[in-house]
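Colleague: Residue numbers (the numbering used here): 6 to 158. There's a structure below that I have some questions on.
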């Protein structure tokens, strides 16, 4: 699966999550080295009352379980929103090879916006980062969700 195609899948997953579970619409897809989807995730904070239930964490847990190994080296994480500090740390700890994200998070992003955990020269594990894939679509989806929330819908 190509990166843009994986991002479209992540967007679809995020939209379904927001509609069905009233979660902030963030979707994540993990691809193996052959470009095959091995795991997906959406925000599950509200569902499980879990502050660590971010889409990236959910997807990484599922990937590790399916592989029987917490090391995700050789894998790519595609996510609709720039990861926060918690998720960026988990991505580094998982030994993920590559991160691809859509929309920038100017308030809490930790891969270039507020911090840059993954590309910090002191980081033990280097992760290739590709930013801004289908950024406008990802940002619009989030913006629409929060506009509706503010209206009380």
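Positions of the beta carbon are idealized from the N, C-alpha and C atoms, including for glycine. The structure presented is a predicted model; accordingly, all values stated were derived computationally and were not measured.
To the nearest angstrom, how far is it from the Cα of residue 69 to the Cα of residue 151?
Modeller: Numbered from 1 along the chain shown, position 64 holds the residue referred to as residue 69. Numbered from 1 along the chain shown, position 146 holds the residue referred to as residue 151. Distance between the alpha carbons of residue 69 and residue 151 is about 32 Å.
Colleague: Could you have a look at residue 96 and say whether DSSP puts it in helix, strand or coil?
Modeller: Position 91 of the chain shown holds residue 96. Looking at residue 96 - three-state DSSP - the assignment turns out to be helix.
Colleague: Exposed or buried, which one is residue 77 when buried takes at least 16 other CB atoms within 10 Å?
Modeller: By 1-based counting over the chain shown, the position of residue 77 is 72. By the neighbour-count rule (16 or more Cβ atoms within 10 Å), residue 77 is buried.
Colleague: How big is the Cα-Cα spacing for residue 64 and residue 153?
Modeller: As a first step, residue 64 is located in the chain shown; it is residue number 59 there, counting from the start. As a first step, residue 153 is located in the chain shown; it is residue number 148 there, counting from the start. Each residue's alpha carbon lies about 26 Å from the other.
Colleague: Contact defined as beta carbons within less than 8 Å: I believe residue 111 pairs with residue 16. What is the distance between those atoms, to the nearest angstrom?
Modeller: On the chain shown, position 106 is the one that residue 111 refers to. On the chain shown, position 11 is the one that residue 16 refers to. So it is not a contact: roughly 20 Å between Cβ atoms.
Colleague: Under 7 Å Cβ to Cβ from residue 47, same chain only, skipping five residues before and after it: list those, please.
Modeller: Locating residue 47 in the chain shown gives position 42, counting from the first residue. Hits under 7 Å: 18, 19, 22, 28, 31, 32, 60 and 63.
Colleague: Is the beta carbon of residue 114 closer than 7 Å to that of residue 133?
Modeller: Locating residue 133 in the chain shown gives position 128, where the first residue counts as 1. Locating residue 114 in the chain shown gives position 109, where the first residue counts as 1. Going by C-beta atoms, residue 133 is not nearer than 7 Å to residue 114.
Colleague: Going by DSSP, what residue range makes up the alpha helix (DSSP H) through residue 153?
Modeller: For this step, residue 153 is matched to residue 148 along the chain shown. That run of the alpha helix (DSSP H) goes 140 to 156.
Colleague: Roughly how many angstroms separate the alpha carbons of residue 38 and residue 79, rounded to a whole number?
Modeller: Along the chain shown, one-based indexing puts residue 38 at 33. Along the chain shown, one-based indexing puts residue 79 at 74. The straight-line gap from Cα to Cα measures roughly 6 Å.
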